[in-house]
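I have placed the structure first, in the form of structure tokens, so that the comments after it can refer back to it.
Chains as they are written, first to last, in our numbering: chain C, 264 to 560; chain B, 40 to 401.
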């Protein structure tokens, strides 16, 4: 029983990271009806920037975090303005292919700058030695607590931004009905750019947090690709359309993976995610939390 | 011009009155025409293989042909049926392991004839797997399907690490493949090249016929408007699953060939970059165009070689940069093709041909 509780607890912190990636995907989906398959590569790239500063130049952890998030903001905005804008209104297949192009381009670019020969490690924010209850060690460390709090703060800030500020109202209007919003004087294009930039900023935070959980995370491909799949799975569990759904999806996925790792086999996490994703999509092709939409003729 | 709206419009050959008079029976029988093309094409490829001297060039024919098999299957799926798959590398994985396991456990004295049965089995196994994926995929649209097949490409190769299977599947190192010796008149590379190009041409011949058949027309109808297609009496899910089955079968054959040519089947040979590279090949050549799949495969296969030549010409002595040029090029191809030239190389070729024909007729 203690083992089960402990594994659930250890799944929560990973789940919060998946939730953050899912949140980044959901924000972009809500704004532009596009799944940003480049998200994994974008947060890989920003984490590499932070790793470069931290390991090669000895910059402080928090400065690196802020630099990574700001560079995510810039990459996201540039990607929307110059790559995604032209295909936003076209067939969905074209947008998928463009984001995949960005995905593999960033992988190649990171490989050119930092090399793909070895995977690097990123320092965790806090100690990763678990808390002790009596004589037993919890699978929950100060670093895990920090991950949970950091993502929770982010979720609250995003909620406040979207629901309580004029910019948030305009962003929701631009996503909900671009034509009417434009008639009412909302600069729809600019707000979509900001939406992508914010989403990439959220992704960048997830990248830094994930990189600190496990040695050998920072490499052009590999664990970050898997992180994209986990984020997508979490977002789909939540219905792709709901920020709260994304957070719940992330937590459910984190706990499920943690339990499966321990009780079945810890080398095939990607397969669990695949099975969960397919199972969810089979039951509800539009996600567990989504309302059903009729397809238009 | 309808070509602009349908990326796969390239598959519909322009019909001109003069061409049917000139070629008589050939233009009336699609099957005969495709067979003639296949035979002539195979003859030309054999001459090329004979002419290439041993060295890097000779080793490139088989990989090009293998990529062509997989890319042609993918272009049918994406271009014709309108379903995206980022997971065709996973079908290749299934084909490669089927071939490797069969060759490991099934010993006969039939030599190279055995390979035909082995390839047939690889095609069947991955087509069955494709049917399972297709049944799941037929319920999914656009980005959902893309995400699910992405998870497939990343998740499936991990099966080799599963504790109860890693013994059979060889874990991360994979299985080494012992293929029958080539016939005495061939050296190894020529034999691989002949085998792979023959397979690629059979695949192209088959897909060309499928695309011009009732199935091909139905798939295009489904791609262009699912609801209209189902109102016309087509079974949309059945056609979508069928497209996945055909595509997976082609990828399975490519995987089997890859196992023979590289003498191994291992998870490292099927990274996500493989699936995305296939997609880049298909998009570069023009979605839905079989000829485009051939150009795309040639470019994608030769890119690593070209990047080394480019690096040498530019005096770049960094392996980091050289090894990543192909990835950067894939990315640029995918993005630029969608933004600027949606019909790819084959679209441009057809447009030029149309302009030339129009001028001739005046």
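Heads up, the beta-carbon is just placed ideally off N, CA and C, and yes, glycines get one too.
Scanning B:89, B:140, B:393, B:355 for the CA closest to the CA of residue 229 of chain B turns up B:89. Residues of the segment 329-344 of chain B with a Cβ closer than 8 Å to any Cβ of chain C: none. Minimum Cα-Cα distance from residue 390 of chain C among the listed residues C:493, C:490, C:475, C:482 corresponds to C:475.
A contact is defined here as three or more CB-CB pairs under 8 Å, and the segment 253-271 of chain B fails this definition with respect to the segment 100-111 of chain B. Contact annotation: the segment 200-210 of chain B does not touch the segment 374-384 of chain C, with fewer than three C-beta pairs closer than 8 Å.
Excluding its 5 nearest sequence neighbours in each direction, residue 407 of chain C has C-beta neighbours in its own chain below 7 Å: 276, listed in chain order. Assignment of residue 352 of chain C by DSSP, reduced to helix, strand and coil, places it in the coil class. For residue 215 of chain B, the three-state secondary structure derived from DSSP is strand.
For the segment 376-456 of chain C, the continuous alpha helix (DSSP H) assignments of 4+ residues that do not extend past its boundaries occur at 405-427, 429-439, 441-446, in sequence order. Rounded to whole angstroms, the separation of the alpha carbons of residue 361 of chain B and residue 70 of chain B is 44 Å. Sequence-ordered contacts of the segment 166-178 of chain B with chain C read 175, 178 [C-beta pairs closer than 7 Å]. Looking at the DSSP output, residue 481 of chain C shares a beta bridge with C:383. Annotated as proximal: residue 336 of chain C and residue 464 of chain C, with beta-carbon spacing under 7 Å. Spanning the alpha carbons of residue 424 of chain C and residue 96 of chain B requires a straight line of approximately 59 Å. Taking a Cβ-Cβ threshold of 8 Å, the residues of chain C close to residue 360 of chain B are 375, in chain order. Shown here, residue 301 of chain C sits in coil according to DSSP, grouped into three states, outside any helix or strand. Excluding the 5 residues flanking it on each side, residue 496 of chain C has same chain C-beta neighbours closer than 7 Å at 516, 536, 539, 540, in chain order.
CA-to-CA, the gap between residue 268 of chain C and residue 199 of chain B works out to about 30 Å.
Closest option to residue 310 of chain C, judged by alpha-carbon separation, among C:484, C:501, C:356, C:471: C:471. Comparing C-alpha distances from residue 351 of chain C to each of C:456, C:326, C:377, C:543 shows the shortest one belongs to C:456.
No Cβ-Cβ contact shorter than 7 Å links residue 276 of chain B with residue 397 of chain B.
Counting every other CB atom within 10 Å of its CB across the protein chains shown gives residue 364 of chain B a total of 16 or more, marking it as buried. Setting aside the 5 residues that flank it on each side, residue 150 of chain B is surrounded in the same chain by 219, each with a C-beta closer than 6 Å to its C-beta; the list follows chain order.
A check of alpha carbon separations from residue 298 of chain B across B:234, B:392, B:284 identifies B:234 as the nearest.
Residue contact check for residue 500 of chain C against chain B: no CB pair falls below 7 Å.
When the five nearest sequence neighbours on each side are left out, the beta carbons in the same chain lying within less than 7 Å of the beta carbon of residue 289 of chain B are those of 108, 109, 111, 112, 242, in order along the chain. The shortest C-alpha to C-alpha distance from residue 480 of chain C to any of C:514, C:314, C:505 is the one to C:314. For residue 197 of chain B, the chain C residues whose C-beta falls within less than 8 Å of its own C-beta are 530, 531, 532, 533, 534, listed in chain order. C:489 is the residue among C:298, C:489, C:304 whose C-alpha sits nearest the C-alpha of residue 192 of chain B. Residues of chain B with a Cβ closer than 9 Å to the Cβ of residue 496 of chain C are, in chain order, 186, 190.
Following the DSSP letters along the chain, one finds residue 349 of chain B inside the alpha helix (DSSP H) bounded by residues 329-352.
Excluding five sequence positions before and after residue 147 of chain B, the CB atoms of its chain that fall closer than 8 Å to its own CB belong to 153, given in chain order.
The Cβ atoms of residue 164 of chain B and residue 141 of chain B do not sit closer than 7 Å to each other.
In terms of Cβ geometry, residue 376 of chain B and residue 321 of chain B do not form a close pair [threshold 7 Å]. At a cut-off of 7 Å, the C-beta of residue 306 of chain B has no neighbouring C-beta in chain C. Residue 304 of chain B is bridged by DSSP to B:214.
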